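Per the numbering used here, residue -10 is the first one in the sequence shown, and the count goes up by one each step. Read through the structure below, which is laid out as structure tokens, and then see the notes.
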Amino acid sequence: MLNFGQLVHTVQHNCHISDARYAGEFTLCVYLLKMREYYRWEHELPLTRELPRHDVGSWLQEREQLWEGLESQTFALVPLPTGPVDPFQSETINAALVPHGYAYSAGYGRFHKPHFFLGRLVRNEVRDGCNVYVTACEYARDLEAPPAMLQGNNIFVRQESVRRFLWEKIEERHWNRNNRALETALAAYDLSHDLERELTRLTEAETETMVLHETGEAIAGRALGKAWEEMLLALPRRTEIMARAVRDLVADCVSTIPRLIDSGARPSLHFLFGNFSGMRRQLFPELLAAYREFAEHGSTCALRSAARDGEQRWLETARQMLDLFAAHGEDAPPRIEALLESAGNCSGTETKARHA
């Protein structure tokens, strides 16, 4: 018989160990923002409620004290009716949990931080050869809660984290009026009159976008092979960020953008480019210019063409990165960065497209 309380306790314990080891990797500002969001989740506070500063401060100190005693501990085995299982054996664990209406995930995110979570399963389906798990309520999670992740052949989309991410974007609109793509996306929802209902609609729409992106990641992964993940593990932080941006571009060009166009999901296209920033924007400003054509004139022709060209361009770039790593090993990162700076060609178009 499944002991759900023990299961939740164990998964959360492993989350605490991961946080104890990796929380210090964040900048202070990012760390404090994530801790505030973590406090809200742990105390089940509504997104609209202001957090009590004193209570958050006391909780933060207590959490850091807890972490001090956990950093050197090993991850606990996950208790199942058939016996304890290694916490990274997600498929074995899900085989036991899915029939009970739960989904579990364990894997590595940015900078190799382990992520664990346990949630209530909303739906489970197969898309593009991938097993897709969509969850709602989360019973256990770590400090950083990525809304969507690809792990092997499994895609996990966490709607509680999706909803929180979207709420942050709604809040961002109040102080960043220059993001016209985000403004256009959110204008499709009547958030001022029925926030809960419209936020649920937005969550469902962007859940689909995240599934499309992760299936694109899977397609890219099949094209690049296991050598890509091995390379990521060996790269320093800056180069890893650049490499992940390249694979993100492949995923969006091969799957997210053309499929959103095909389905007529225009608000989701606007939302995608409302979050098209950082390294992706620097590497591929031409895609942003194509979006601007769509935003101003309504035609998706330039956007579809840019995605088609981008698929080939960034897959070839990714393969060149693998070649450099195979040839130069630990001396490859500067060469990879030089390759991407050349491939980005980001001086002229970015200036024209930065206000999209």
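Glycine included, every Cβ here is placed at the ideal spot set by N, Cα and C. Note that the coordinates shown come from a computational prediction; the quantities given were computed from them, not determined experimentally.
With distance defined between alpha-carbon atoms, name the residue in the options nearest to residue i.
i, options, result
"Glu300", "Ala316, Glu275, Phe314, Leu55", "Glu275"
"Met268", "Thr(-1), Gly318, Glu33, Arg236", "Arg236"
"Glu133", "Pro88, His163, Glu26", "Glu26"
"Leu34", "Leu224, Gly253, Glu195, Arg153", "Arg153"
"Leu313", "Ala332, Leu328, Leu304", "Leu328"
"Val115", "Ala307, Asn143, Thr196", "Asn143"
"Leu292", "Leu277, Ala212, Gly13, Arg10", "Leu277"
"Glu80", "Pro73, Pro70, Ala95", "Ala95"
"Trp303", "Ile208, Gly318, Glu319", "Ile208"
"Phe347", "Ala129, Asn113, Ala125, Tyr91", "There is no way to answer for residue 347, as the model of the chain reaches only from -10 to 345."
"Pro225", "Gly214, Arg324, Gly205, Gly253", "Arg324"
"Ala12", "His43, Glu282, His104", "His104"
"Val111", "Glu330, Val121, Arg190", "Val121"
For residue i, name the three-state secondary structure that DSSP assigns.
i, result
"Asn(-8)", "coil"
"Arg38", "coil"
"Ala129", "strand"
"Leu171", "helix"
"Thr340", "Caution applies to Thr340, whose pLDDT of 38 falls short of 50 and renders its modelled position unreliable; the value that the coordinates give is listed next. Reduced to three states, the DSSP call for Thr340 is helix."
"Cys335", "Unreliable placement is indicated for Cys335, whose pLDDT of 44 sits below 50; no coordinate value is reported for it."
"Ala296", "helix"
"Gln1", "helix"
"Ala137", "strand"
"Ile325", "helix"
"Ala345", "At Ala345 the pLDDT is 45, less than 50, meaning the model places this residue with poor confidence and gives no usable figure here."
"Phe15", "coil"
"Tyr27", "helix"
"Leu304", "helix"
"Glu33", "coil"
"Arg166", "coil"
"Asp320", "helix"
Could you tell me which residues DSSP pairs with residue i in its beta bridges?
i, result
"Arg10", "According to DSSP, which records beta bridges pairwise, Arg10 is partnered with nothing at all."
"Phe145", "Tyr122, Met138"
"Val45", "DSSP, once it has assigned bridges, lists no residue as partnering Val45."
"Val67", "Val74"
*Does the stretch 160 to 178 touch the stretch 256 to 264, meaning 3 or more C-beta pairs lie closer than 8 Å?*
yes
_Every unbroken alpha helix (DSSP H) inside the stretch 190 to 276 [4 residues or more]_ = Listed in chain order, the complete alpha helix (DSSP H) runs (minimum 4 residues) inside the stretch 190 to 276 are 215 to 223, 226 to 240, 246 to 252, 255 to 263, 267 to 272.
*asked:* Extract the residue ranges of the beta strand (DSSP E) inside the stretch 75 to 125, only unbroken runs of 3 or more that lie entirely within it.
replied: Runs of the beta strand (DSSP E) lying entirely within the stretch 75 to 125 and spanning at least 3 residues, in chain order: 91 to 97, 103 to 116.
*asked:* Would you call the stretch 194 to 202 in contact with the stretch 252 to 261, where contact means no fewer than 3 C-beta pairs closer than 8 Å?
replied: yes
*Looking at C-beta atoms only, is the number of pairs between the stretch 240 to 249 and the stretch 145 to 160 that lie closer than 8 Å three or more?*
no
*Sufficient close CB pairs (3 or more, under 8 Å) joining the stretch 208 to 224 to the stretch 301 to 310*: At 8 Å Cβ cutoff, the stretches touch.
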